[in-house]
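A.B. asks: Quick one: structure below, then a few questions.
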Amino acid sequence: MTATDAAGNAGTDTAVVTIDTSVPVVSLDDLTTNDTTPALTGVINDPTATVVVNVDGVDYPAVNNGDGTWTLADNTLPALIDGPHTVTVTATDPAGNTATDTATLTIDTVPADLIGAITIPEDLNGDGILNADELGTDGTFNAQGALGPDAIDDTVVNVNGTNYTVTAADLANGFITAAIPVTGEGPVTIHAEAVDAQGNLDVADADVTVTVDTLPADLIGAITIPEDLNGDGILNADELGTDGTFNAQVALGLMQSMAQW
3 MTATDAAGNA
13 GTDTAVVTID
23 TSVPVVSLDD
33 LTTNDTTPAL
43 TGVINDPTAT
53 VVVNVDGVDY
63 PAVNNGDGTW
73 TLADNTLPAL
83 IDGPHTVTVT
93 ATDPAGNTAT
103 DTATLTIDTV
113 PADLIGAITI
123 PEDLNGDGIL
133 NADELGTDGT
143 FNAQGALGPD
153 AIDDTVVNVN
163 GTNYTVTAAD
173 LANGFITAAI
183 PVTGEGPVTI
193 HAEAVDAQGN
203 LDVADADVTV
213 TVDTLPADLI
223 GAITIPEDLN
233 GDGILNADEL
243 GTDGTFNAQV
253 ALGLMQSMAQ
263 W
């Protein structure tokens, strides 16, 4: 560039102008999560570009990490309601070139229907008590958890702390079977739950409690013969009488006495 004044003096200067029309490359993938204020991250090919994320029409400045990625920190967004949200990310380089990408952020905090009612098939009469005949001798009883319509192959159902992986056979049956150990007499509560793909917890319709009662009730006690007056175990003619019979008395046990009382 040359400039000349009124007296004819001329001056020159030289500068280099760089033309930069290359736009940055920025991207964001669709995301489904149960976190209502999630972190967002994506790709940016220019470490000098500024990145702005727009969610539902509101701009949030993101961090260009300088390593080919950008991040909008966790809990930057306000709590979002369940459902889809439009996310647009814009990158602007120092020359003013911009690029955008749009994705869908889906918030899903509702548990899938994975597990339903719990039943105890060994409780044959449905009284909530497992007697010796119903319990058997292996020290366990079965709990069946009905599978919900959202259960799939490899869904993991946790019953009383033990994981059971759903198989194709379970899906065909409509339930999973868990072996519940019996450690003694008394009540046993069965709880079942499963976690869906988004981390939401689904629990069975209700916990079920059964009582293990394999000991006979105390209904009768000692047998005595009142006619055996001297207690020698022999009934003589005087003790026996003439009616051809003698009496046997059976003492009532504690439970029977309480019932009579």
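Each number in my numbering comes from the position in the sequence shown (counting from 1) with 2 added on.
All C-beta atoms, glycine included, are put in the ideal place defined by N, C-alpha and C.
(1) Could you check what DSSP says for Asp135 in three-state terms: helix, strand or coil?
(2) For the beta strand (DSSP E) containing Asn144, list its first residue and its last residue.
(3) Count the CB pairs spanning the region 199 to 217 and the region 132 to 139 that are closer than 8 Å, and state whether there are at least three.
(4) Whole angstroms are fine: how far does the CA of Ala253 sit from the CA of Thr226?
(5) Note down, one range per segment and in chain order, each beta strand (DSSP E) of at least 3 residues found wholly within the region 61 to 118.
(6) Would you tell me roughly how many angstroms separate the C-alpha atoms of Leu79 and Ile182, rounded to the nearest one?
(7) Can you look up Leu203 in the DSSP assignment and give me helix, strand or coil?
(8) Who does Ile222 pair with in a DSSP beta bridge?
(9) Would you call the region 26 to 39 in contact with the region 106 to 121, where contact means no fewer than 3 C-beta pairs closer than 8 Å?
(10) With C-beta atoms as the reference, is Ile192 less than 8 Å away from Leu149?
(11) Per DSSP, Ile227 is paired with what?
(12) Please state whether DSSP places Leu173 in a helix, a strand or coil.
(13) Are there 16 or more other CB atoms within 10 angstroms of the CB of Ala101, so buried, or fewer, so exposed?
(14) Is it a yes or a no for the region 51 to 59 touching the region 82 to 95, going by three-plus beta-carbon pairs under 8 Å?
(15) Using the rule of at least 16 other Cβ atoms within 10 Å of the residue's Cβ for burial, across every protein chain shown, is Ala145 buried or exposed?
(16) DSSP on Leu33, reduced to helix/strand/coil?
(17) Here's the rule I'm using: 16 or more other beta-carbon atoms within 10 Å means buried, otherwise exposed. How should Pro26 be labelled?
(18) Going by C-alpha distance, which of Ala250, Asp204, Pro228 and Gly255 is nearest Ile222?
(19) Quick one, are the C-beta atoms of Gly130 and Ala206 less than 8 Å apart?
(20) Could you tell me if Phe248 is buried or exposed, where buried requires 16 or more neighbouring beta carbons within 10 angstroms of its beta carbon?
(21) The beta strand (DSSP E) spanning Leu264 covers which residue range?
(22) Could you have a look at Ala196 and say whether DSSP puts it in helix, strand or coil?
(23) Helix, strand or coil, according to DSSP, for Ala239 in the structure here?
(24) Around the C-beta of Thr94, are 16 or more other C-beta atoms found within 10 angstroms, so that it is buried, or is it exposed?
(25) Return the bridge partner residues of Val55 from the DSSP annotation.
(26) Assuming Asn165 is part of the beta strand (DSSP E), what are its boundary residues?
(27) Would you kindly work out how many angstroms separate the C-alpha atoms of Thr139 and Gly188, rounded to a whole number?
C.D. replies: Taking the geometry as given:
(1) helix
(2) Thr142 to Leu149
(3) yes
(4) 8 Å
(5) 71 to 74, 85 to 94 and 100 to 109
(6) 45 Å
(7) strand
(8) Leu254
(9) yes
(10) no
(11) Ile227 pairs with nothing; no bridge assigned.
(12) helix
(13) buried
(14) yes
(15) buried
(16) strand
(17) buried
(18) Gly255
(19) no
(20) exposed
(21) Lying before the first or after the last residue shown, residue 264 is absent from the chain, which here runs from 3 to 263.
(22) strand
(23) helix
(24) buried
(25) Tyr62 and Val91
(26) Thr164 to Thr167
(27) 17 Å
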